[in-house]
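For reference, the structure is listed below as structure tokens.
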Amino acid sequence: MASTVIGAGITIEGEITTEEDIVVAGTVRGKLSAKEAVTIESGATVEADVQSGSLAVAGTLTGNVTAGDRVDLQSGARVVGNVKAARVTIADGAQFKGNVDMDV
Amino acid sequence: MAQARTTNRGSDARIGSTARIRGRIHGDGDLVVEGQVEGAVALRGDLTIAEGAMVSSEGIEATSVTIAGALEGDTLASGAVRLAASARVRGNIRATAIVIDEGARFSGRLDCEFDLPTELGGVSRGEPRGRASTRR
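These protein sequences, in sequence, are chains G and Z. According to numbering that gives the first Met the number 0, the residues represented by the first sequence are 0 to 103, in order. According to numbering that gives the first Met the number 0, the residues represented by the second sequence are 0 to 135, in order.
Put into structure tokens, the structure is as follows:
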């Protein structure tokens with residue numbers, strides 16, 4: 000289990016920073032920054048700029064993403080924003096609107 | 000805190016020991032804070048401030064609150080508030096039941112409403128309701 004979990008009923012309005020990983024199943028508005036993996040689960044809503052080691056999205060994300068390693072938009076994901084990461088995957092069934100920058 | 004991997008059952012939300020949140024936290028479900036929180040917390044659920052955690056809040060509202068870490072700010076609980084031995088709390092606490100374990104440090108007002116026997120309460124005012132303090 001991740002060190003930080005935002006449960007499905009929980010809303011955070013503000014800034015979250017952690018040295019470890021974070022799983023969002025609820026709602027986050029503001030800014031999200033993690034040294035390791037960020038997971039936005041199906042049903043979760045994130046309206047925030049995300050900075051992380053890696054990012055996996057199955058929920059709804061509005062905001063710009065910068066990941067040191069990779070970004071995976073999974074089936075069911077709905078992402079509006081720009082994505083900057085060396086490796087990006089967009090699964091069949093994911094919705095995405097924005098720019099991708101793989102820094103080539 | 001080197002936490003073993005556990006299932007998420009019994010804990011809806013957790014703020015890990017290296018995590019820091021500045022802002023408002025609200026919603027349904029239990030929350031365990033092991034890291035740092037600056038801001039208001041309003042939960043329909045139980046709040047646990049673990050040992051080593053630091054919470055600085057303009058106000059905490061929850062069903063029950065267990066504090067083993069440091070808290071600065073007022074607490075309002077519809078259930079019980081417990082200060083464990085490692086708790087360091089500065090602020091006012093209002094709850095239906097309050098437990099302070101030996102070793103806990105607390106500075107503030109306790110407001111724990113209860114009914115006094117009518118012989119002792121303010122009978123003449125027709126409101127036989129006693130209060131540990133008069134703050135509303």
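From the three backbone atoms N, C-alpha and C, an ideal C-beta is built for every residue, glycine too. If you're wondering where the values come from, they're calculated on a predicted model, not measured in any experiment.
Name the DSSP bridge partner or partners of residue i?
| i | result |
| --- | --- |
| threonine 44 of chain G | G:Thr26 and G:Thr59 |
| leucine 54 of chain G | G:Val37 and G:Val70 |
| arginine 19 of chain Z | G:Thr16 and Z:Gln35 |
| methionine 53 of chain Z | Z:Gln35 and Z:Ala69 |
| leucine 115 of chain Z | In the DSSP output, where bridge partners are listed per residue, leucine 115 of chain Z has none listed. |
Compute the beta-carbon to beta-carbon distance between residue i and residue j, rounded to the nearest angstrom, for a pair I have assumed lies under 8 Å.
| i | j | result |
| --- | --- | --- |
| valine 88 of chain Z | leucine 109 of chain Z | Not confirmed; about 11 Å, so no contact. |
| valine 185 of chain Z | valine 32 of chain Z | The first residue shown for chain Z is 0 and the last is 135, placing residue 185 of chain Z beyond what the model contains. |
| valine 22 of chain G | alanine 1 of chain G | 4 Å |
From residue i to residue j, what does the alpha carbon distance come to, in whole angstroms?
| i | j | result |
| --- | --- | --- |
| glycine 22 of chain Z | valine 37 of chain G | 19 Å |
| serine 106 of chain Z | asparagine 91 of chain Z | 8 Å |
| lysine 96 of chain G | glycine 75 of chain G | 14 Å |
| histidine 25 of chain Z | glutamate 118 of chain Z | 42 Å |
| leucine 46 of chain Z | arginine 86 of chain G | 39 Å |
| isoleucine 89 of chain G | threonine 65 of chain G | 15 Å |
Does any C-beta atom of chain Z lie closer than 8 Å to the C-beta of residue i?
| i | result |
| --- | --- |
| isoleucine 39 of chain G | no |
| valine 53 of chain G | A quick correction: the sequence has serine, not valine, at residue 53 of chain G. No, no contact with chain Z. |
| threonine 44 of chain G | no |
Does any residue of chain G have a CB that is nearer than 8 Å to the CB of residue i?
| i | result |
| --- | --- |
| isoleucine 59 of chain Z | no |
| aspartate 45 of chain Z | no |
| aspartate 114 of chain Z | no |
| serine 123 of chain Z | With a pLDDT of only 49 at serine 123 of chain Z, under the threshold of 50, the placement of this residue in the model should not be trusted, and no figure is reported. |
| arginine 87 of chain Z | no |
Leaving aside the five residues before and after residue i along the sequence, list all residues of the same chain whose C-beta is less than 7 Å from its C-beta, in chain order.
| i | result |
| --- | --- |
| alanine 49 of chain Z | Val31, Val32, Glu33, Ala67 and Gly68 |
Give me, in chain order, the residues of the same chain whose beta-carbon lies closer than 8 Å to that of residue i; leave out the 5 immediate sequence neighbours on both sides.
| i | result |
| --- | --- |
| isoleucine 20 of chain Z | Ile14, Gly34, Gln35, Val36, Glu37 and Gly38 |
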